[in-house]
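Protein chains in written order, with this note's numbering: chain A, 2 to 413; chain B, 29 to 369. We put the CB at the ideal spot given by N, CA and C, even for glycine. These numbers come from a predicted model, not from an experiment. Working notes, structure below.
In structure tokens:
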């Protein structure tokens, strides 16, 4: 009886697999496909399409903690994950640990139709295929700006002036928002601001950090000036908490991720007054450097090094299918700024597109940027709380980074 | 018991302890003595959807040979322990020479990550451990005098803080003390200060973490004391009553002496637990105000580039400090054991 059941089940699964393969319309190669990646709607769409192509033995592990497991999961031989979906910051760890392979041969053989702009190359070798772009940019409340008669801010100086007017008019006590939670988020805001001042993080061609300068001080001072108009709890507000503040109608101006604006502009979780008046605009500038104070991000997929060639081909084909123009439909179109052909920009995407058009810098793909990011996240709060001077904070960041970089072999 | 019987009796436990406690510690100690190989950095051109940029990358071919030769990494000895992110030997020495009096030296010390983490960890341990013991004792006394029918439910509710997962328990408190939460608004009303925010103030954040710590671990002390209370000699208690001892005198002269050995046990466990304070810092998003050694380890491993040797060194330091902290209690237990013989 059990055998009978297994047989029937097996046939049912085989039939299911066959239909899904047919439905996808792809002829995918045989082999093991296992995906690890972050979890948000756009990546779920990509993974779902890739799994559909790869058949019923393929699996996907999508989690916000992906970067804690992807290196470990790709170090073994054979690797547990045949592909990792990463961004321009997290690909660096995979390159540093040498766990992903060059895609040159696979692109030549199976991916000649992938547009050049989607290929991520390091030293001429294709290391990843990007499928979407992301950036932080201004989100504002149209009705509040109308009330005070201000134009849409284009610089952080404008934001400060508008915030002052909003507070004086008694509309909001803390009109500015921002993901300033101590740690990764706060470090990201500094990275944006420091790039906006035209600063360079490292001495060219070396791992020696150089942020303890006028531009570093300028970036910190602007962050502190902004924080005066934020909810006093700002050091505990990550992107989620900042979005919640926005939806509660407590904030009128903030620098926010493009991938999160869809949630703010839909009719769930906030009053009509809030979501109808939520508008996006381009990146902000700081000072007179003319460089936008934001960073551009891409999300893309890689192929593990420690797997057989057969599995690598299967993975490549499945992921290519997952990020092909075929996945674009009414539902997925607004999930991201897709890099595939056939993408039609939606209203929520305007901010990211404006950031790209403004010539913003991509987040640095440097082997030791992650170490600096951690050092920034651990130390900036001291300055924002008024415990020490900007110069002292920058010196602390440099010292913390230098110790970590020495341990990692980047500095002697 | 014969020696061979004893050996075979404890053998499985010893084997498991070696496999799951001793060997991992050996591995962590080893890891903390090595750092990564020198990485050869080259300038390359990176291209992507946003154009091409000059950038740096690690020359894998150049470091591969080194890695194959010494897979553990480069011998670092105690360098990692002594660097700025751990014991900061050089920084402390120069601060001692250059600082303008003790308060200035203290400020420099608190600016170093290891010492500021230690400051919070030790304060937390020193405040939470005794308060847990005192509170647990009084809950036990109170529950013990509740009518027998109601005791079951009372015990269950008293244990709830310990049953609730630490992350969830602290998240609930975190939301309640928000400036717009019930406790946060209550505090503003009490102090008549509408701008008061627990999450924005370092002293209040410390206080909240400690209140949470006591709330979370008091049930442990309570249940141990409650078990102990069931074995108090009723004859002695009745004799004390006949002699005219008040309720407080009975507790002071009969119950407390009976429970002292349990206090040693609770103190031992609580010192260990409190020194490893971690979850509340994560769920209170308190890293801007308070860090602990366990949080430092988490932080080293959670970044985009993992700092394995740094995390290992902090782990070893944690083990050493727990051992130092427990030594008085252990010495006491050892002495008690000796006198019993």
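For residue 158 (chain B), the secondary structure class from DSSP, reduced to helix, strand or coil, is helix. A direct Cα-Cα distance of roughly 42 Å separates residue 107 (chain B) from residue 178 (chain A). Taking C-beta atoms as the reference points, residue 354 (chain B) and residue 296 (chain B) count as a pair closer than 8 Å. Here the C-alpha atom of residue 280 (chain B) lies approximately 16 Å from the C-alpha atom of residue 254 (chain B). Less than 8 Å divides the Cβ of residue 295 (chain A) from the Cβ of residue 137 (chain A). The CB of residue 66 (chain B) comes closer than 8 Å to the CB of 410 and 413 in chain A, given here in chain order.
Rounded to the nearest angstrom, the gap between the Cα atoms of residue 126 (chain B) and residue 212 (chain A) is 25 Å. Considering only A:267, A:187, A:232 and A:41, the residue with the shortest C-alpha distance to residue 253 (chain A) is A:232. DSSP places residue 115 (chain A) in the coil class of the three-state scheme, outside both helix and strand. The beta carbon of residue 278 (chain B) is closer than 8 Å to those of 265, 268 and 269 in its chain, skipping five residues each way along the sequence. Considering only A:88, A:370, A:91 and A:385, the residue with the shortest C-alpha distance to residue 207 (chain A) is A:370. Note on the stretch 148 to 225 of chain B: whole alpha helix (DSSP H) runs with a minimum of 4 residues are 176 to 191, 194 to 204 and 210 to 219, in chain order.
Here the C-alpha atom of residue 73 (chain A) lies approximately 13 Å from the C-alpha atom of residue 91 (chain A). At a Cβ-Cβ threshold of 8 Å, residue 342 (chain B) and residue 328 (chain B) count as neighbours. At a C-beta separation below 8 Å, residue 141 (chain B) has these neighbours in chain A: 379 and 401.
Annotation for residue 323 (chain B): the continuous alpha helix (DSSP H) segment containing it runs 321 to 330. Around the beta carbon of residue 48 (chain A), 16 or more other beta carbons lie within 10 angstroms, which makes this residue buried. One alpha carbon belongs to residue 153 (chain B), the other to residue 147 (chain B), and they sit about 10 Å apart.
For the 8 Å CB-CB criterion, residue 338 (chain A) and residue 259 (chain A) form a contact. Rounded to the nearest whole angstrom, the CA to CA distance from residue 284 (chain A) to residue 195 (chain A) is 14 Å. Between the C-alpha atoms of residue 221 (chain B) and residue 309 (chain B) there is a straight-line separation of about 26 Å. Residue 308 (chain A) is outside the set of residues whose beta carbon lies under 8 Å from a beta carbon in chain B.
Under the 10 Å beta carbon count, residue 34 (chain B) is surrounded by fewer than 16 other beta carbons and is classified as exposed. Residues of the stretch 173 to 188 of chain A with a C-beta atom less than 7 Å from some C-beta of chain B are 182, 183 and 184, listed in chain order. With respect to the C-alpha of residue 192 (chain A), the residue from A:408, A:366, A:400 and A:403 having the closest C-alpha is A:366.
Secondary structure at residue 295 (chain A): coil, using DSSP grouped into helix, strand and coil. Comparing C-alpha distances from residue 383 (chain A) to each of B:316, B:331 and B:335 shows the shortest one belongs to B:316. Proximity to residue 169 (chain A) across A:299, A:356, A:35 and A:230 peaks at A:230, based on C-alpha coordinates. As computed with DSSP, residue 393 (chain A) is found in no beta bridge at all. Residue 412 (chain A) sits in coil when the DSSP states are folded into three classes, being neither helix nor strand.
According to the DSSP assignment, residue 341 (chain A) belongs to no alpha helix (DSSP H), since it is labelled neither H nor E. Close CB contacts of residue 101 (chain B) within its chain, under the 7 Å cut and outside five residues either way in sequence, are with 62, 63, 64 and 65 (chain order).
Listed in chain order, the positions of the stretch 65 to 94 of chain A with a beta carbon within less than 8 Å of a beta carbon of chain B are 68, 69, 72, 89, 90, 91, 93 and 94. A contact between stretches requires three or more CB pairs, one per stretch, nearer than 8 Å, and the stretch 346 to 364 of chain B fails this requirement with the stretch 166 to 183 of chain B. Contact of residue 298 (chain B) with chain A by beta-carbon distance below 9 Å is absent, the smallest such distance being about 27 Å.
The shortest C-alpha to C-alpha distance from residue 184 (chain A) to any of A:153, A:379 and A:342 is the one to A:379.
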